[in-house]
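Reviewing the structure listed below.
Residue numbers (the working numbering), protein chains in the order written: chain A, 1 to 199; chain B, 1 to 199; chain C, 1 to 253.
This is the structure:
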């Protein structure tokens, strides 16, 4: 291992947050380009399945993380539960914030069709979203945090897939429209509202 | 690297304190004797001079530490003094405390329209605000600190800039506190206490 | 099963589940003008009470549906409305509902994706140990004086003094507006003399506009108010009727 690789390994171990290539370079007093081969070397060294640690690129920087292989033992040693899963309301609120940020709570409520105050409060408390100023109407705006990217294994927000990929096809939309109109005939204990809600 | 060595590497990476052999063994669900060769393997892997990290056996057990080689870079990356930016939530909270002090947390929440616990906690932790007794209703009151005056370059609280120049509704009558509370309530609409968080 | 599809109605012109009524109205098999929407709302409130719980999701669904019906009915009932105003096809109402449902669905699917991402990260842990003592960053007290600009505080405070434009109350909005409230608004305006519909709904969101129109229809029915629109899309002038009806409030809320 080169000295530069050894230093970078140590920096990644010490830093509580992912470190951008530029910050690593200036700490090591080298050009970012000089760091590229070192990061490749470390990436190969800490490739998944090789060691107990994996080198990851998340939240715009580099960081070391444990291999899931160690999870049962880590749970026994640290007695700390991992991040609890998200409730459906929290996940919906988070997805709206992630895609539309900065976005206000009223806007989230409009899209979800229900008030989302407690989901928003939980996401704030868990550090997945944060305030980012106010809208022109004075409503607090929210955005996602670096912790969100880190916990979801994303390098940046650009890695979120295009959400229109989940939209129904025009044919399916036409069908939904027809069903809304024809729901009476299709109704066998299931109304139009419920039928659409399940799609 | 064996799976057991990988797991132990991950555990040593995660643990902030040295871990005793027995604790490592029970976390890995093996006998301490089974761990001896694994620790030898890791000790050779993380021998001084080989990598950026060194495996050390100290009084309390085993621990990973960085090689002194990385110290200057680590200081440049992590120990350099910096002025933490004020987030929008922190700036709003701090301005309310600065202009209205002493002020209670529920008042801050009413004016901002959202719970401000994390902003308040950060300002307290950084020493920009401090507690100053309790209101007649038992709520903790806050005021700014001498450090606040120093960092904002103010000789005393009287030197806070006159907010008139930023006042969007100069036609409104009343004390600053009343006006802030009225505006906060107007922004919150007629909504339930949910908007105020945990007052 | 959502509370909305459970809702059974027993009205003068229709008896059966609410979602069937919706369907029949959209297919023009039941005349919306003959449906007492206030009765539907009352039935729903009774229904909620009997369930003993408030299902926000279902309540919102109901409100969206009833608002769509209110809007449709309002348009049908507008006096002197010409063909332009009557052209809201049932398909347009369906279109509106569809658009909302698609948007909500998009982010529900994105939410599912996020939950999958999080599940895939199961077992990935990051180091959270504090840095060693020799690396601890100095506190703020080591910073030089004046690193922050006091103007930042003045500007932040100024922002907090701003009153939102009235439209902002919609952010707590659609679930919280009631016919009783809108009756109150209309009566208050009328006590000061004649008013206009625009005045009554200034800055209001769509649902509030619908509910206000519904409140106005209720006042009209009770002889509390009449209104006039001289041209399509023109201003709607509202004047107090000859005989304010004492029963009006009970009937409408």
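Built from N, CA and C at the ideal position, the CB exists for glycine as well.
With respect to the beta strand (DSSP E) encompassing residue i, which residues constitute its N-terminal and C-terminal limits?
i	result
residue 239 (chain C)	236-240
residue 134 (chain B)	129-134
residue 228 (chain C)	225-229
residue 57 (chain B)	53-58
residue 64 (chain B)	61-66
residue 140 (chain B)	140-144
Tell me the DSSP secondary structure of residue i in three-state form.
i	result
residue 79 (chain C)	At residue 79 (chain C) the pLDDT is 39, less than 50, meaning the model places this residue with poor confidence; the figure from the coordinates comes in the next sentence. Residue 79 (chain C): coil per DSSP, three-state reduction.
residue 118 (chain A)	helix
residue 107 (chain C)	helix
residue 17 (chain C)	strand
residue 90 (chain A)	helix
residue 8 (chain C)	strand
residue 15 (chain B)	coil
residue 148 (chain C)	coil
residue 3 (chain B)	helix
Could you check where the alpha helix (DSSP H) with residue i kicks off and where it finishes?
i	result
residue 154 (chain C)	151-160
residue 184 (chain B)	176-188
residue 40 (chain A)	32-45
residue 257 (chain C)	Missing from the structure shown is residue 257 (chain C); chain C here goes from 1 to 253 and no further.
residue 72 (chain B)	71-74
residue 21 (chain B)	21-28
residue 198 (chain C)	197-200
residue 190 (chain C)	179-191
residue 204 (chain C)	No alpha helix (DSSP H) contains residue 204 (chain C), which DSSP labels as neither H nor E.
residue 107 (chain A)	105-112
Drop a sphere of 10 angstroms on the beta-carbon of residue i, count the other beta-carbons inside from all chains shown, and report buried for 16 or more, exposed for fewer.
i	result
residue 152 (chain A)	buried
residue 90 (chain A)	buried
residue 45 (chain C)	exposed
residue 137 (chain B)	exposed
residue 116 (chain B)	buried
residue 87 (chain A)	exposed
residue 171 (chain C)	The pLDDT assigned to residue 171 (chain C) is 36, lower than 50, so where the model puts this residue is not dependable; a value taken from the coordinates is nonetheless given after this. The residue in question, residue 171 (chain C), is buried, as its Cβ has 16 or more Cβ neighbours within 10 Å.
residue 75 (chain B)	exposed
residue 146 (chain B)	exposed
residue 33 (chain C)	exposed
residue 37 (chain B)	exposed
Shorter than 8 Å from the beta carbon of residue i to some beta carbon of chain A?
i	result
residue 46 (chain B)	no
residue 44 (chain C)	no
residue 168 (chain C)	Reliability of the predicted coordinates at residue 168 (chain C) is poor, the pLDDT of 36 falling under 50, and the value obtained from them is presented with this limitation in mind. With 8 Å as the cut-off, residue 168 (chain C) counts as an interface residue toward chain A.
residue 67 (chain B)	yes
residue 114 (chain B)	yes
residue 15 (chain C)	no
residue 110 (chain C)	yes
residue 43 (chain B)	no
Using beta carbons (cut-off 8 Å, strictly below), is residue i in contact with chain C?
i	result
residue 50 (chain A)	no
residue 176 (chain A)	yes
residue 99 (chain A)	yes
residue 5 (chain A)	no
residue 88 (chain A)	yes
residue 83 (chain B)	yes
residue 59 (chain B)	no
residue 107 (chain B)	no
For residue i, decide whether its Cβ has a neighbour in chain B, counting only Cβ atoms nearer than 8 Å.
i	result
residue 119 (chain A)	no
residue 57 (chain C)	no
residue 147 (chain C)	yes
residue 40 (chain A)	no
residue 182 (chain C)	no
residue 228 (chain C)	no
residue 53 (chain A)	yes
Could you tell me which chain F residues have their CB closer than 9 Å to the CB of residue i, listed as they occur along the chain?
i	result
residue 63 (chain A)	Among the chains of the structure shown, chain F does not appear; the protein chains present are A, B and C.
In chain order, what residues of the stretch 69-81 of chain A put their CB closer than 7 Å to some CB of chain B?
69, 70, 73, 74, 76, 77, 78
For the stretch 116-145 of chain C, enumerate the residues whose C-beta is nearer than 9 Å to any C-beta of chain A, in chain order.
117, 118, 119, 120, 121, 122, 123, 124, 125, 126, 127, 128, 129, 130, 131, 132, 135
Along the stretch 7-35 of chain A, what residues have a CB closer than 9 Å to any CB found in chain B?
Going along the stretch 7-35 of chain A in chain order, one finds 7, 8, 9, 10, 11, 12, 13, 14, 15, 16, 19, 23, 24, 26, 27, 28, 29 with a Cβ nearer than 9 Å to chain B.
Which residues, taken in chain order from the stretch 129-141 of chain A, show a beta carbon closer than 9 Å to some beta carbon of chain B?
130, 131, 132, 133, 134, 137, 138, 139, 140, 141
Interfacial residues, the stretch 201-221 of chain C to chain A, with Cβ spacing under 7 Å
none
Please name the residues in the stretch 152-165 of chain C whose beta-carbon is closer than 8 Å to at least one beta-carbon of chain B, in chain order.
152, 153, 154, 155, 156, 157, 158, 159, 160, 161, 162, 163, 164
Along the stretch 154-176 of chain A, where does the CB come closer than 9 Å to a CB of chain C? Name the residues.
154, 160, 161, 163, 164, 165, 166, 167, 168, 173, 176
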